[in-house]
Amino acid sequence: MKTPPFEKFLEMDWEEIQPLYDDLEKEQLEEETLTAWMTGWSDLRKLVDERYARLSLATELDTTDEEAEKAYHAFLEEVYPKTQTADQKLKEKLLASGLVPDGMEIILKKMRTEADLFREENLPLMTEESKLGTQYNKIFGAQTIEWGGEELTLTQVKSAMLTTDRNERKQLWEMTSERQLADRDAINDLWVKFMGIRAQLAANAGFKDYRSFRWLQRLRLDYSPEDSKRFLAAVKQVAVPAATRVYQRYTKRLGIESVRPWDLLNNQTTFNLPAIQAFETEEEFIARVGAIFNKLDPVLGGYFNTMRESKLLDLMNRKGKGPGGFCTSFATVGLPFIFMNSVGRGSDLRVLFHESGHAFHVFERINLPYHHQWRPGLEFAEVASTTMELLAEPYLAEDRGGFMSVEDVAISRLLNLEEKLLFWPYMAVVVAFQHWVYENHQLGTDPAACDQKWAELIDQYMPAINWKGYEEVKQTGWHRKLHIHLAPFYYIEYGLASLGAFQIMAKAKKDQARALRDYLKALALGGTVTLPELYRAAGAELAFDTATLGEVVELIERDLAELEKKIS
Ligand SMILES: [Zn+2]
3 MKTPPFEKFL
13 EMDWEEIQPL
23 YDDLEKEQLE
33 EETLTAWMTG
43 WSDLRKLVDE
53 RYARLSLATE
63 LDTTDEEAEK
73 AYHAFLEEVY
83 PKTQTADQKL
93 KEKLLASGLV
103 PDGMEIILKK
113 MRTEADLFRE
123 ENLPLMTEES
133 KLGTQYNKIF
143 GAQTIEWGGE
153 ELTLTQVKSA
163 MLTTDRNERK
173 QLWEMTSERQ
183 LADRDAINDL
193 WVKFMGIRAQ
203 LAANAGFKDY
213 RSFRWLQRLR
223 LDYSPEDSKR
233 FLAAVKQVAV
243 PAATRVYQRY
253 TKRLGIESVR
263 PWDLLNNQTT
273 FNLPAIQAFE
283 TEEEFIARVG
293 AIFNKLDPVL
303 GGYFNTMRES
313 KLLDLMNRKG
323 KGPGGFCTSF
333 ATVGLPFIFM
343 NSVGRGSDLR
353 VLFHESGHAF
363 HVFERINLPY
373 HHQWRPGLEF
383 AEVASTTMEL
393 LAEPYLAEDR
403 GGFMSVEDVA
413 ISRLLNLEEK
423 LLFWPYMAVV
433 VAFQHWVYEN
443 HQLGTDPAAC
453 DQKWAELIDQ
463 YMPAINWKGY
473 EEVKQTGWHR
483 KLHIHLAPFY
493 YIEYGLASLG
503 AFQIMAKAKK
513 DQARALRDYL
523 KALALGGTVT
533 LPELYRAAGA
543 ELAFDTATLG
553 EVVELIERDL
563 AELEKKIS
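In structure tokens, the structure reads:
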């Protein structure tokens with residue numbers, strides 16, 4: 003089989019693409035032909051991957067470009083699902099052959115798990131589940147409040163909450179909460195349906211409960227629900243007391259008596275006002291961050307420079323651009339692309355460091371022979387990005403050759419470290435809640451019991467936040483955590499990855515060159531080894547225990563104390 007060049011593939015419809023899959027499907031699979039067959043399949047996957055990435059990106063770069071949207075939707079409707087079905091057939095063919103291509107052991111194990119979980123009768127249930135998800139999104143998408151004669155969406159409320167006027171924050175928060183409580187019954191109804199479908203999905207696949215089914219569906223082959231619970235216990239023991247200390251210092255910083263929900267961003271994070279202005283133009287932004295990566299490591303500096311020269315960075319906010327920030331990649335050429343909505347704030351620097359970590363992963367994994375081997379799973383992908391945030395940030399300061407004042411960098415760093423520390427207790431609430439829900443299916447299906455459990459968990463893991471007078475809002479927090487509804491059990495990944503990144507940071511404090519060498523070596527492994535092996539290669543441990551988390555929390559608290567001294 004000869005794969006077409008990307009420019010040609012971009013124009014091909016399914017009738018033209020199908021023969022490419024058919025050729026692979028028909029070929030006799032033997033030891034001698036295995037490498038060539040795998041390469042052919044891998045090349046085809048790269049074409050599909052890049053077509054998806056480029057079409058999707060085009061709609062994000064200009065949301066008003068109707069042509070781009072048409073092309074993307076046509077691909078999503080007419081081509082992409084068919085490529086996925088055809089790809090599944092090739093997976094089955096490889097599994098049935100009993101052959102194991104070099105470096106594909108772990109990937110095959112995952113493929114086998116997926117094949118074992120597959121049930122024809124679950125397909126309509128999954129469609130049903132994603133339709134419920136759409137309804138969930140619709141309910142939240144329609145929520146707006148009236149503010150200053152204007153109608154604000156929830157996203158706009160978030161920016162409006164960034165005000166020094168505490169009373170204004172309180173009013174905004176109260177109005178939003180009231181608006182959200184009006185949809186309480188609707189969310190509860192959806193929840194009962196979600197739970198029914200999930201129990202059925204698990205039963206059809208021969209599992210006694212949804213959690214054990216879902217665990218495998220998320221391809222968590224290297225840790226168990228028990229490991230996850232050990233991590234929660236560790237969080238309770240060491241991260242919760244440290245978080246309480248952070249909240250106590252925060253009350254002093256704001257000059258308030260106790261932390262109320264309207265003093266936090268996204269339920270858990272502290273913030274600083276006014277925001278720090280860090281740069282004016284994209285050129286300046288790129289040059290400054292490029293200089294920092296160069297200082298950190300010449301390899302990283304080189305990668306970033308390639309991105310600059312090849313125009314793989316689109317960083318500034320502008321009218322018509324889609325929201326958020328992310329790193330995508332062009333598989334046939336093996337290059338990353340970073341998309342952001344910067345406005346010149348200090349926090350934009352952190353986002354670019356983070357996304358660059360993902361981009362470096364793309365550069366490093368390119369030498370793996372097959373596309374199948376690229377993705378390591380989020381538990382490690384986020385180690386790559388978070389580590390870059392942690393290691394690059396200090397170089398912003400003048401005393402480390404940067405362009406920002408020592409105090410401004412100390413403020414940014416403090417907020418970053420606080421956010422990462424405060425995340426663990428909140429993560430624990432979200433994860434513990436789901437353990438409880440699926441261990442107690444009947445109670446877990448009862449919204450009133452869910453309310454009670456959520457409030458209980460908030461008291462256990464986030465005791466420093468004062469909810470007095472707003473008990474109903476507190477209890478229904480699980481309504482507003484979309485992962486619980488749309489992506490069950492998807493959350494601990496961030497907490498584990500963060501713990502991994504801090505371990506690397508601790509190593510870097512002793513020997514940064516060595517820490518970065520290990521980091522790059524681990525990135526280059528893609529998804530070809532197990533998670534514990536990936537962490538170990540990067541100089542860390544995939545850990546769930548109190549001792550490891552305790553050491554990292556101690557390190558964070560020491561750094562926070564140092565940073566506070568630099569802030570007047
Ligand atoms: Zn990320």
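Residue numbers 3 to 570, in the working numbering, belong to the letters of the sequence shown in order.
Backbone N, C-alpha and C define an ideal beta-carbon position, used for all residues, glycine too.
It should be emphasised that the depicted structure is a prediction, and the values quoted were computed from it without experimental measurement.
Below 8 Å on the Cβ atoms is my contact criterion, and I expect P263 with W469 to pass it. Report the Cβ-Cβ distance as a whole number of Å. As a first step, residue 263 must be located in the sequence shown, where it is residue number 261. As a first step, residue 469 must be located in the sequence shown, where it is residue number 467. Right, their Cβ atoms sit about 6 Å apart.
**Study point:** N-terminal and C-terminal residue of the beta strand (DSSP E) that M318 is part of
**Key:** Start at 1 with the first residue of the sequence shown, and residue 318 comes out as number 316. Residues L315 to M318.
| Should E32 be listed as close to ligand 1, given that the test is whether its C-beta is under 7 Å from any heavy atom? | Position 30 of the sequence shown, counted from the start, is the residue given in the question as residue 32. Every heavy atom of ligand 1 is 7 Å or more from the Cβ of E32, so no.
For F578, report the span of its beta strand (DSSP E) as first-last. Given a span of 3 to 570 for the chain in the structure shown, any question on residue 578 remains unanswerable.
Practice problem: Go ahead and label R367 buried or exposed: buried means 16 or more other beta carbons lie within 10 angstroms of its beta carbon, across all protein chains shown. | Solution: One-based indexing of the sequence shown puts residue 367 at position 365. It is buried - the Cβ of R367 has at least 16 other Cβ atoms within 10 Å.
Can you find a heavy atom of ligand 1 that lies under 7 Å from the Cβ of E495? One-based indexing of the sequence shown puts residue 495 at position 493. False, no ligand heavy atom lies under 7 Å from that Cβ.
Q | Bridge-paired residues (DSSP) for S331 | A | For the purposes of this step, residue 331 is identified with residue 329 of the sequence shown, where counting begins at 1. Paired residue(s): P338.
Got a sec? Which residues, its chain only, sit under 6 Å from F365 by beta carbon, not counting five neighbours each side?
Here residue 365 refers to the residue found at position 363 when the sequence shown is read from its first residue. The residues are Y305.
TODO: Consider the C-beta atom of H356 and the heavy atoms of ligand 1; say whether any pair is separated by less than 7 Å.
DONE: Here the question's residue 356 lines up with position 354 in the sequence shown. Yes, Cβ of H356 sits closer than 7 Å to a heavy atom of ligand 1.
Could you check what DSSP says for E543 in three-state terms: helix, strand or coil?
Indexing the sequence shown from 1 puts residue 543 at position 541. Correct three-state label for E543: coil.
Answer with buried or exposed for T66, where buried requires no fewer than 16 other C-beta atoms within 10 angstroms of its C-beta. Numbered from its first residue, the sequence shown carries residue 66 at position 64. Per the 10 Å Cβ criterion, exposed.
Can you round the beta-carbon distance between T61 and A55 to whole angstroms, since I take them to be within the 8 Å contact cut? Translated into the one-based positions of the sequence shown, residue 61 becomes position 59. Translated into the one-based positions of the sequence shown, residue 55 becomes position 53. With 8 Å as the limit, T61 and A55 do not qualify as a contact, their Cβ atoms being about 11 Å apart.
Review point. Is the closest heavy atom of ligand 1 to the C-beta of E381 under 7 Å?
Key: Counted from its first residue, the sequence shown places residue 381 at position 379. No, the Cβ of E381 stays beyond 7 Å of every heavy atom of ligand 1.
| When we look at the beta-carbon of F120 and count the other beta-carbons within 10 Å, is it buried (16 or more) or exposed? | Residue mapping note: residue 120 aligns to position 118 of the sequence shown, counting from 1. Exposed is the call here.
key: Beta carbon of I460 nearer than 8 Å to that of S230   = Translated into the one-based positions of the sequence shown, residue 460 becomes position 458. Translated into the one-based positions of the sequence shown, residue 230 becomes position 228. Going by C-beta atoms, I460 is not nearer than 8 Å to S230.
Opposite W149 in the DSSP bridges: which residues?
-> Stepping through the sequence shown from its first residue, residue 149 is reached at position 147. Looking at the DSSP assignment, W149 forms a beta bridge with E152.
message = Suppose contacts are defined by Cβ-Cβ distances below 8 Å. Is Y463 in contact with P427 by that definition?
response = The residue you call residue 463 lines up with position 461 of the sequence shown. The residue you call residue 427 lines up with position 425 of the sequence shown. Contact flag set, yes.
Simplified DSSP state of Q270, which is helix, strand or coil | By one-based count along the sequence shown, residue 270 stands at place 268. Reduced to three states, the DSSP call for Q270 is coil.
Practice problem: Spell out a yes or no on whether the stretch 471-489 and the stretch 328-337 are touching, meaning 3 or more CB-CB pairs, one atom from each, closer than 8 Å. | Solution: no
Pull up the distance between the alpha-carbon of Q145 and that of T155, whole angstroms please. Position 143 of the sequence shown, counted from the first residue, corresponds to residue 145. Position 153 of the sequence shown, counted from the first residue, corresponds to residue 155. Distance between the alpha carbons of Q145 and T155: 7 Å.
Where does I413 fall in DSSP's three states? Mapped onto the sequence shown, residue 413 falls at position 411. Three-state result, I413: helix.
Checklist entry - Are the beta-carbon atoms belonging to F425 and W456 less than 8 Å from one another? => result As a working mapping, residue 425 is identified with position 423 in the sequence shown. As a working mapping, residue 456 is identified with position 454 in the sequence shown. No, the pair does not count as a contact, with Cβ atoms beyond the cut-off.
- prompt: Less than 7 Å between the CB of S387 and some heavy atom of ligand 3, yes or no?
  reply: Ligands present in the displayed structure are limited to ligand 1, and ligand 3 is not among them.
Q: Report, in whole angstroms, the separation of the C-beta atoms of A280 and G348, which I expect to be a contact under 8 Å.
A: Taking the sequence shown and counting its residues from 1, one reaches residue 280 at position 278. Taking the sequence shown and counting its residues from 1, one reaches residue 348 at position 346. About 5 Å; that satisfies the 8 Å criterion.
In the DSSP assignment, the alpha helix (DSSP H) including G446 goes from what residue to what residue? Indexing the sequence shown from 1 puts residue 446 at position 444. That run of the alpha helix (DSSP H) goes H443 to G446.
Is T548 near Q250, with beta carbons less than 8 Å apart?
-> Position 546 of the sequence shown, counted from the start, is the residue given in the question as residue 548. Position 248 of the sequence shown, counted from the start, is the residue given in the question as residue 250. The answer is no: Cβ separation not under 8 Å.
- Message: Measuring only from the beta carbon, is E391 closer than 7 Å to any heavy atom that is part of ligand 1?
- Response: Translated into the one-based positions of the sequence shown, residue 391 becomes position 389. E391: no, Cβ never under 7 Å from ligand 1.
- Task: Put A162 into one of helix, strand or coil per three-state DSSP.
- Result: The sequence position of residue 162 within the sequence shown is 160, counting from 1. If DSSP states are grouped into helix, strand and coil, A162 belongs with the helices.
Practice task
Take the Cβ of H374 as the centre, count every other Cβ of all protein chains shown within 10 Å, and call the residue buried at 16 or more, exposed below.
Solution key: Mapped onto the sequence shown, residue 374 falls at position 372. Per the 10 Å Cβ criterion, buried.
### Element boundaries [alpha helix (DSSP H), containing T646]
One cannot answer for residue 646 here, as it falls past the ends of the chain, which runs 3 to 570.
| request: Please classify H75: is it buried, with 16 or more other beta-carbons within 10 angstroms of its beta-carbon, or exposed? | output: Your numbering for residue 75 matches position 73 in the sequence shown. Exposed.
What is the rounded straight-line gap between the Cα of A503 and the Cα of G150? The residue labelled residue 503 in the question sits at position 501 within the sequence shown. The residue labelled residue 150 in the question sits at position 148 within the sequence shown. Approximately 43 Å, taken between the alpha carbons.
Give the DSSP bridge partners of V261, in chain order.
Counting from one through the sequence shown, the residue named residue 261 turns up at place 259. Paired residues: I467.
Whose C-alpha, out of D185, E282, V431 and A466, is nearest the C-alpha of E458? Against the sequence shown, residue 458 aligns to sequence position 456. Comparing Cα positions, the closest option is V431.
Check your understanding: Could you check where the alpha helix (DSSP H) with M406 kicks off and where it finishes?
Key -> Numbered from its first residue, the sequence shown carries residue 406 at position 404. No alpha helix (DSSP H) holds M406; DSSP gives it neither H nor E.
ask   = CA-CA distance, L501 and L351?
value = By one-based count along the sequence shown, residue 501 stands at place 499. By one-based count along the sequence shown, residue 351 stands at place 349. Cα to Cα, the separation comes out at about 21 Å.
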